[in-house]
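Student: Encoded as structure tokens, here's the structure I'll be asking about.
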Amino acid sequence: MIAPTSFFADYGCHVRILEEARVLQKLGHRVTIVTYYKGR
Numbered sequence: 010m011i012a013p014t015s016f017f018a019d020y021g022c023h024v025r026i027l028e029e030a031r032v033l034q035k036l037g038h039r040v041t042i043v044t045y046y047k048g049r
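Quick note: the sequence shown, position 15, residue 24 per the numbering used here, numbers continuous.
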């Protein structure tokens, strides 16, 4: 999953990205989130 943002911050699109990754993992996918270097 490519997220063109500095992941993770506690707001909006970052929460959506996290939840989408969790759902994909539950469906059996291996998820790697690729982002900018800043964030948590």
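Using N, Cα and C, we set each Cβ at its ideal position, and we do this for glycine too.
Let's test the definition: count the other Cβ atoms within 10 Å of the Cβ of ALA12 and tell me whether it reaches 16, buried, or not, exposed.
Tutor: buried
Student: For a test of the three-state rule: what should DSSP assign to VAL24, helix, strand or coil?
Tutor: helix
Student: DSSP three-state call for VAL32: helix, strand or coil?
Tutor: helix
Student: Pick helix, strand or coil for VAL40, following the three-state DSSP scheme.
Tutor: coil
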